[in-house]
Amino acid sequence: MINVICGVNQYENLLFLKMKGDDKKREIRFKQIERTLKNKNL
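First residue of the sequence shown? That's 530 in the working numbering, and the numbers climb one at a time after it.
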């Protein structure tokens with residue numbers, strides 16, 4: 530029973546870390562797009 534709970538927790542942690550990573554990538558991509566838009570306006 531404990532093993533099952535640990536497995537689920539590990540899986541949730543991996544999903545959480547992956548989601549955080551995706552947010553970071555999205556943030557960086559958004560900043561890059563923002564920068565290119567500003568450069569085009571200049």
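The beta-carbon is built from N, C-alpha and C at its ideal position, and this holds for glycine as well.
Query	Result
Backbone CA spacing between I561 and G550 [nearest angstrom]	Rather than Ile, the amino acid found at residue 561 in this sequence is Gln. Rounded to the nearest angstrom, the two C-alpha atoms are 17 angstroms apart.
Assigned exposure category for M530 - 16 Cβ within 10 Å defines buried	Low confidence applies to M530: its pLDDT is 48, below 50, so where it sits in the model is not reliable enough to give any reading.
Whole-angstrom distance between N542 and T565, CA atom to CA atom	35 angstroms
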